[in-house]
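Visitor: Next up is a structure, given as structure tokens.
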Amino acid sequence: MIADNRKSRQHYEVIDSIECGMILLGSEVKSLRNGKCQLDEAYGRVKGETLWLINCNIAEYPQATVWNHEAKRPRQLLIHRREMTKFIGKAKEKGLTLIPLRMYFNERGVAKCEMALCKGLKMHDKRDKLKKADAQRDMQRALRRRG
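Below you can see the structure in the form of structure tokens.
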């Protein structure tokens, strides 16, 4: 696992997710292998028939010197055409956002990004979610003490 967007699960309700490949430069791949990636402010955008990852911060690779990449450049995401039409159709619905959940290398060593179709949570929804988690935690504690 390279990077995980933990805050996305707090601020959004995940409706659907998909695994995407990425078009990267060599210095970006080396920087990812060092774990220098931040997904906090990143989001997905549909431009024409393609999916783009915007505002993802992949730090510059120090040894790349002249051939280094721009840290927050937009990166094109690669998915199959059937998945693309289905996903883009859902993404154009009002109130839905494309958010990267995590970035990782698969078993073949290829960098992948898990994108999710999300709906923003209201403040009261977040509070309800926290209350449920607290209640669940208390139940688990009580069961452990009892048994």
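Just remember that the numbering used here sits 688 ahead of the position in the sequence shown, which is counted from 1. Glycine is no exception: its CB is placed at the ideal position from the N, C-alpha and C atoms.
1) Give me the residue from 764, 709 and 754 with the minimum Cα distance to residue 740.
2) Quick check on the DSSP output: the beta strand (DSSP E) that includes residue 802 runs from which residue to which?
3) Need the endpoints of the beta strand (DSSP E) that residue 735 sits in, please.
4) Assign residue 768 to one of two classes, buried (16 or more other C-beta atoms within 10 Å of its C-beta) or exposed (fewer than that).
5) By the 10 Å Cβ neighbour count, where 16 or more other Cβ atoms means buried, how is residue 716 classified, buried or exposed?
6) From which residue to which residue does the alpha helix (DSSP H) around residue 777 run?
7) Mind checking residue 703: buried by the 16 CB within 10 Å criterion, or exposed?
8) Helix, strand or coil for residue 813 per DSSP?
9) Tell me the DSSP bridge mates of residue 788?
10) Give me the residue from 822, 742, 829 and 695 with the minimum Cα distance to residue 710.
11) Could you check how far apart the C-beta atoms of residue 705 and residue 803 are, in whole angstroms? I think they sit under 8 angstroms.
12) Per the DSSP calculation, residue 702 is bridged to which residue(s)?
Guide: Reading off the structure:
1) On the sequence shown, position 52 is the one that residue 740 refers to. Residue 764 is the option with its Cα nearest to residue 740.
2) In the sequence shown, the residue the question calls residue 802 occupies position 114. Segment 799 to 808, the beta strand (DSSP E) holding residue 802.
3) To locate residue 735, count along the sequence shown from 1; it is residue 47. Segment 731 to 735, the beta strand (DSSP E) holding residue 735.
4) Position 80 of the sequence shown holds residue 768. The residue in question, residue 768, is exposed, as its Cβ has fewer than 16 Cβ neighbours within 10 Å.
5) On the sequence shown, residue 716 is found 28 positions in, with the first residue counted as 1. So residue 716 counts as buried.
6) Indexing the sequence shown from 1 puts residue 777 at position 89. That run of the alpha helix (DSSP H) goes 769 to 779.
7) Here residue 703 refers to the residue found at position 15 of the sequence shown. Its Cβ having fewer than 16 others within 10 Å, residue 703 is exposed.
8) As a working mapping, residue 813 is identified with position 125 in the sequence shown. When secondary structure is reduced to three states using DSSP, residue 813 falls in the helix class.
9) To locate residue 788, count along the sequence shown from 1; it is residue 100. Residue 788 is bridged to 803.
10) The residue you call residue 710 lines up with position 22 of the sequence shown. Answer by Cα proximity: 742.
11) Position 17 of the sequence shown holds residue 705. Position 115 of the sequence shown holds residue 803. With 8 angstroms as the limit, residue 705 and residue 803 qualify as a contact, their Cβ atoms being about 7 angstroms apart.
12) Here residue 702 corresponds to residue number 14 of the sequence shown, with the count starting at 1. Answer is 806, bridged to residue 702.
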